[in-house]
Each structure stands twice: as C-alpha cells, then as structure tokens.
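Numbering (this note's numbering), first residue to last: 574 to 874. Don't be surprised by glycine CBs; every beta carbon is placed ideally from N, CA and C.
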C-alpha cells in the first residue's frame, strides 16, 4: 500500500459565509478561502459541526463544497463533510462531488444507538464506494462515539484515510493517536488542544477559531515545530484565555461570534443559519473590546 499524504499544520473548520436567511454567500466563501490560504493554513475541514453543516439543505451543502473547491484551486487539501444519515443519501451526495479534487470526505455517525458491528459496517460500506478516502469524525457531543475497537477494525481499509478525534478525554485522545501510521492519519479538534495534540504526535489540528485568526494558530504551530516549546505552550494558554473570555450566545456553536469577527476583517457578513441568532449590540461591543485588548488591530476599525 502506498504511503498516504498526511494533513499538516493548521486546518481550520471553515466557517460558512451566508446571506441573511442562511443561503451560502459565494463571494464570501471565495474571500475566506483566499484569506486562509494566504495565512498559511495546511488545509480546510469543510462543512464540519462548527460550520452550521447539519442545518443546511443538501443543495446548500453542495454549493459550499463546490465553491470551496473552486476557490482553493488545489492549493491546499480539503476534507468535506457529508452530514447525512442514510447510506444511500451519503453515497448519492459523494457521487455528486466525485469530480472534485478532495483529500477526503468526513463522516460523523449520527445514530447514537448503533452498535459497534453496525458502525464498522457503515464505515466499510461507505469506504468501498467513496471516490476519495473516508475520514471518520469522532464527536461525542454531536454523534455516535467511535471507540478504539472500531478504529482498529477499519483503519486497514484501503479507502479509510483517518480520523478526527474530538472531545477532552486525554486517555481517549492518546489511545486514538496511537493508531497513527503510514497509511492512517489522526488529527485533533478544538482551539484549546492544539499544543497537546502536537505533543502526542499529531501533525495537523482543526478548530473553527482558525477561520477567524489563523495567524495565531500558525505561529503556535511554527513555534512547536521549531522546538520553541515554551513559546508554543504560552501561545496555547493565551488562546485558551482568549476563547474563554468571549461572550457566548445560546447558539451552542460559536458561528455568530466567528462571523462577527470575520465581518470586522472585511471577509463576510455576520449572517447565520436561521436556527441560530446573530450577536446583539452589547455582545458585539464586548467582543470587540476583548479583541482590541488582545492585540487584534483589525478590531479597532
């Protein structure tokens, strides 16, 4: 089996620019992709759980996938989400993207009652048919966990590319990273765990915050890879403090906060999916104050 090309560096969970009402903002998508590529990110995790993905129609998801690929123009690898539950629907969706140059398609199993044997069956059935490698996505807050024994059973499939492991269980994260090999990639999730996952052996990491201020995550990654571990750790702690200081809505996901920040950077508007709400004036004022205090000059405008 040929050695796979692994993801490396900062891989933003790409925020999806939208028009009021929730339809994809194509021009905003192109501006955001160009901005992230120029910032030095290592790839994009497209239509992830922090991208309002599950609340979009299939038609909207296809637009986002295609426009992201068009904007990227092969400059960075893309792992695109499926976001569906039925095997037939997932395969039909994958077929509609078969002409795109993708690094992979990611699958988050949503059936919480599914047993391990059925989960293995799902992964293998999809991998048999996908036009590009399947990436598993372990996110216990959103879907069915993918335990160690399932990873062990499917990681040898020639069209299973890797797993993105979310959550905050250090033992679980460590066990999962032990599966990393020449033909099976493992990456982490969450802006507060970048340094930790790099220390455990990951070569790439995803977070939606990197859609907004990728420069700081790239600086953290560069410091770590250069052996400046004290600097990298300090940057990680700073990122945790910054994130914890933001005003949070009842949305659950941070799409409203992130899109408002992107609007300050002139990349897209602050519209979100109709299921969510945008920030109110008080929240915007406080968030802007925090950003200025944290040294983001673009928040002063």
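- For the stretch 688-728, the full-length beta strand (DSSP E) segments reaching 3 residues or more read 707-711 along the chain.
- Contact between the stretch 811-820 and the stretch 857-866 is present: three or more C-beta pairs spanning the two stretches fall below 8 Å.
- A direct Cα-to-Cα measurement between residue 627 and residue 852 gives close to 21 Å.
- Counting of Cβ neighbours within 10 angstroms places residue 751 among the exposed residues, the total staying below 16.
- Apart from the 5 residues on each side of it in sequence, residue 583 sits with its Cβ closer than 7 Å to the Cβ of 614, 615, 778, 783, 787, 790, 791 and 794 in its chain, given in chain order.
- Rounded to whole angstroms, the gap between the alpha carbons of residue 814 and residue 765 is 9 Å.
- In this structure, residue 610 lies near residue 649, with their beta-carbon atoms less than 8 Å apart.
- Pairing residue 781 with residue 847, the inter-Cα distance amounts to about 19 Å.
- In the structure shown, the three-state DSSP call for residue 855 is helix.
- Closest in alpha carbon position to residue 644, among 587, 682, 700 and 678, is 587.
- Here the C-alpha atom of residue 692 lies approximately 44 Å from the C-alpha atom of residue 869.
- Apart from sequence neighbours up to five positions away, the residues of its chain that approach residue 606 with a beta-carbon distance below 8 Å are 587, 617, 641, 644 and 645, ordered along the chain.
- Burial state of residue 823 is exposed, judged by a 10 Å Cβ sphere holding fewer than 16 other Cβ atoms.
- If you draw a 10 Å sphere on the C-beta of residue 661, you find fewer than 16 other C-beta atoms in it, and that means exposed.
- Here residue 757 is bridged, per DSSP, to 754.
- In the displayed model, residue 642 falls within a helix according to three-state DSSP.
- In the three-state scheme derived from DSSP, where H, G and I count as helix and E and B as strand, residue 606 is classed as helix.
- For residue 604 and residue 594, the gap between their C-alpha atoms comes out near 20 Å.
- Taking residue 707 as the centre and dropping the five residues before and after it, the same chain places the C-beta of 677, 678, 680, 696, 699, 700, 732, 733 and 734 closer than 7 Å to its C-beta, in chain order.
- The criterion of a C-beta distance shorter than 8 Å is not satisfied by residue 746 and residue 709.
- For residue 807, the enclosing alpha helix (DSSP H) begins and ends at 802-818.
- Counting along the chain, residue 832 sits inside no beta strand (DSSP E); it lies in the alpha helix (DSSP H) bounded by residues 828-837.
- Residue 764 carries a helical assignment under DSSP once its states are collapsed to helix, strand and coil.
- In the three-state scheme derived from DSSP, where H, G and I count as helix and E and B as strand, residue 749 is classed as helix.
- Looking from the CA of residue 748, the closest CA among 767, 722, 729 and 668 belongs to 722.
- Contact annotation: residue 674 and residue 716 have beta-carbon atoms that are not nearer than 8 Å.
- For a cut-off of 8 Å, the C-beta gap from residue 737 to residue 775 is around 10 Å, too long to register as a contact.
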